[in-house]
Amino acid sequence: MGGARRPLSITHTWVAVAALAGAFLAGCSSKPPSLFDEGKIEVGSKNDQPGTSYSPHAGEYTGFDVTVAREVLGRVGVKSPDFDGVLSKNRARALHEGDVELVAATYSITAQRMKPQSEGGDGIDFVGPYVSTRQGILVRTADAELYRSHDDLNSRLVCVWEGTTSAEELARPAYSKVRTVVMTDAHECVTALLKKKVDAVSTDQLILYGFTEADASLTVPPGLTFGPFNDYGIAMAKGHRDDCRKLQQALMEYVQSNDWDRDFEDNLSRVPKADRNEARPTDDDIESLSCRDSPGIAKVD
Numbered sequence: 001m002g003g004a005r006r007p008l009s010i011t012h013t014w015v016a017v018a019a020l021a022g023a024f025l026a027g028c029s030s031k032p033p034s035l036f037d038e039g040k041i042e043v044g045s046k047n048d049q050p051g052t053s054y055s056p057h058a059g060e061y062t063g064f065d066v067t068v069a070r071e072v073l074g075r076v077g078v079k080s081p082d083f084d085g086v087l088s089k090n091r092a093r094a095l096h097e098g099d100v101e102l103v104a105a106t107y108s109i110t111a112q113r114m115k116p117q118s119e120g121g122d123g124i125d126f127v128g129p130y131v132s133t134r135q136g137i138l139v140r141t142a143d144a145e146l147y148r149s150h151d152d153l154n155s156r157l158v159c160v161w162e163g164t165t166s167a168e169e170l171a172r173p174a175y176s177k178v179r180t181v182v183m184t185d186a187h188e189c190v191t192a193l194l195k196k197k198v199d200a201v202s203t204d205q206l207i208l209y210g211f212t213e214a215d216a217s218l219t220v221p222p223g224l225t226f227g228p229f230n231d232y233g234i235a236m237a238k239g240h241r242d243d244c245r246k247l248q249q250a251l252m253e254y255v256q257s258n259d260w261d262r263d264f265e266d267n268l269s270r271v272p273k274a275d276r277n278e279a280r281p282t283d284d285d286i287e288s289l290s291c292r293d294s295p296g297i298a299k300v301d
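Just so you know, we're using full-length UniProt numbering here: the sequence shown kicks off at 1 and counts up by one.
Structural data, given as structure tokens:
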């Protein structure tokens, strides 16, 4: 028969309590690991949009989105990010499922996308805008004179692709006379335009000007635009707010530098000067839309 169990001393009791308290506090104060800890990061981008984000060969990515991502990440110590293709409709899912850590893919910042998933939103934090653009149309150069106003699109067949704000804009009652067809991605829409299966393609003008860089048989009627400006941001799943703020500061420095001008010209030289001036965001624009659960209000000069 064993002896009676020795009571735990007061000293041992306090040691045990302190250890448990320390573990609890450590757990409460712990932060998710930084996306930048390993110096490598996977960025989702488009592979079929010349000028903005394009992959001419496997593993090779070019365009303004890609260049901005490289420049901003370089300023926080990530010198060689990897890029992988994403579709518009899959951008949020790719982030939440961990396929990529960031997305730089002409991703428009909207209140719905910024809203936490617990509130019915997409649960995305944005760093941006790094550029802004209006929605427009792309047509065959030979037909460009036919398109001078919105009324010229009545009864025309216009291609948009899944998961874009462009499809949402043309679904508004104001454009009820415009016939739309929804395809999977930009490549399908532009191919349909070149083969005369549709009359026009509609999305953001920066994307469309990129296609004119690649093919002179395509034209963007400059004055034919829709809706408000679309603001592009670098996206991440919520839960990395410190990393988001670091990228925000890096983006502000980049946008105010001559590097932004150089990179815009190198990738989107066909954008008219007036549109280029409107495309460049201010620090207030970036502050009002970056690392938030809802849009702030940018200061107006």
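We treat Cβ as the ideally placed atom computed from N, Cα and C, and that holds for glycine.
Option nearest residue i by Cα separation, candidates the options
{"i": "Val-76", "options": "Ala-92, Asp-37, Thr-225", "result": "Asp-37"}
{"i": "Gly-239", "options": "Ile-124, Ala-111, Pro-56, Asp-82", "result": "Ile-124"}
{"i": "Gln-49", "options": "Arg-292, Asp-263, Tyr-61", "result": "Tyr-61"}
{"i": "Glu-213", "options": "Pro-81, Gly-120, Gly-63", "result": "Gly-63"}
{"i": "Leu-208", "options": "Arg-70, Thr-133, Asp-152, Asp-151", "result": "Thr-133"}
{"i": "Glu-42", "options": "Thr-52, Val-139, Val-78", "result": "Val-78"}
{"i": "Leu-87", "options": "Val-72, Leu-73, Ser-80, Ala-104", "result": "Ala-104"}
{"i": "residue 343", "options": "Thr-110, Gly-136, Val-68", "result": "The structure shown does not extend to residue 343, since the chain is modelled only from 1 through 301, so no value can be given for it."}
{"i": "Pro-116", "options": "Ala-171, Thr-106, Ala-69, Arg-241", "result": "Arg-241"}
{"i": "Thr-165", "options": "Ala-200, Asp-204, Ser-155, Lys-46", "result": "Asp-204"}
{"i": "Asp-82", "options": "Thr-106, Ser-108, Ser-55", "result": "Ser-55"}
{"i": "Pro-221", "options": "Ala-200, Tyr-232, Met-236", "result": "Ala-200"}
{"i": "Pro-281", "options": "Ala-235, Asp-231, Asp-263", "result": "Asp-231"}
{"i": "Thr-191", "options": "Leu-268, Asp-215, Asn-267, Lys-246", "result": "Asp-215"}
{"i": "Glu-278", "options": "Phe-229, Cys-244, Thr-110", "result": "Phe-229"}
For residue j and residue i, the rounded distance between their alpha carbons
{"i": "Asp-126", "j": "Glu-265", "result": "Checking the sequence shown, residue 126 turns out to be Phe, not Asp. Rounded to the nearest angstrom, the two C-alpha atoms are 24 Å apart."}
{"i": "Ala-23", "j": "Met-114", "result": "With a pLDDT of only 44 at Ala-23, under the threshold of 50, the placement of this residue in the model should not be trusted; the figure read from the coordinates follows. Distance between the alpha carbons of Ala-23 and Met-114 is about 33 Å."}
{"i": "Val-178", "j": "Ala-167", "result": "12 Å"}
{"i": "Val-66", "j": "Asp-283", "result": "21 Å"}
{"i": "Gly-121", "j": "Ala-250", "result": "27 Å"}
{"i": "Gly-27", "j": "Ser-294", "result": "Residue placement at Gly-27 is poorly supported in this model, since its pLDDT is 47, which falls under 50; the coordinates still yield a value, given next. Their Cα atoms are separated by approximately 28 Å."}
{"i": "Trp-260", "j": "Thr-141", "result": "30 Å"}
{"i": "Arg-93", "j": "Leu-73", "result": "22 Å"}
{"i": "Leu-35", "j": "Gly-59", "result": "21 Å"}
{"i": "Gly-223", "j": "Lys-89", "result": "28 Å"}
{"i": "Pro-173", "j": "Asp-151", "result": "14 Å"}
{"i": "Tyr-147", "j": "Lys-273", "result": "21 Å"}
{"i": "Ala-21", "j": "Gly-44", "result": "Because Ala-21 sits at a pLDDT of 44, beneath the cut-off of 50, its placement in the model cannot be relied upon, and the following sentence gives the value as read from the coordinates. Near 41 Å, if we compare the C-alpha coordinates of Gly-44 and Ala-21."}
{"i": "Glu-71", "j": "Val-181", "result": "36 Å"}
{"i": "Glu-287", "j": "Cys-244", "result": "12 Å"}
{"i": "Ser-290", "j": "Asp-275", "result": "23 Å"}
{"i": "Val-131", "j": "Asp-285", "result": "10 Å"}
{"i": "Asn-267", "j": "Lys-40", "result": "25 Å"}
For residue i, the first and last residue of its enclosing alpha helix (DSSP H)
{"i": "Phe-211", "result": "205-214"}
{"i": "Asp-243", "result": "241-255"}
{"i": "Glu-169", "result": "165-170"}
{"i": "Thr-191", "result": "186-194"}
{"i": "Gln-112", "result": "111-114"}
{"i": "His-96", "result": "91-96"}
{"i": "Val-68", "result": "64-74"}
{"i": "Asp-275", "result": "273-279"}
Continuous beta strand (DSSP E) stretch holding residue i: start and end
{"i": "Phe-229", "result": "226-237"}
{"i": "Ser-45", "result": "42-45"}
{"i": "Arg-262", "result": "Premise fails: Arg-262 lies in the alpha helix (DSSP H), 258-267, not in any beta strand (DSSP E)."}
{"i": "Ser-288", "result": "Here Ser-288 belongs to no beta strand (DSSP E); instead the alpha helix (DSSP H) covers 283-289."}
{"i": "Asp-199", "result": "From DSSP, Asp-199 is part of no beta strand (DSSP E); its letter is neither H nor E."}
{"i": "Gln-135", "result": "124-140"}
{"i": "Arg-156", "result": "Taken as a continuous stretch (DSSP letters only), Arg-156 belongs to no beta strand (DSSP E), as it is neither H nor E."}
{"i": "Pro-173", "result": "No beta strand (DSSP E) contains Pro-173, which DSSP labels as neither H nor E."}
{"i": "Gly-85", "result": "82-85"}
Integer-rounded CB distance, given that residue j should sit under 8 Å from residue i
{"i": "Thr-225", "j": "Ala-144", "result": "The Cβ separation is near 15 Å, so there is no contact."}
{"i": "Leu-170", "j": "Thr-52", "result": "About 20 Å; that fails the 8 Å criterion."}
{"i": "Ile-234", "j": "Ala-111", "result": "Not confirmed; about 18 Å, so no contact."}
Any contact between the stretch 179-187 and the stretch 152-163? By contact I mean 3 or more CB pairs, one from each, below 8 Å. yes
Would you check if there are 3 or more beta carbon pairs closer than 8 Å linking the stretch 192-199 to the stretch 91-99? no
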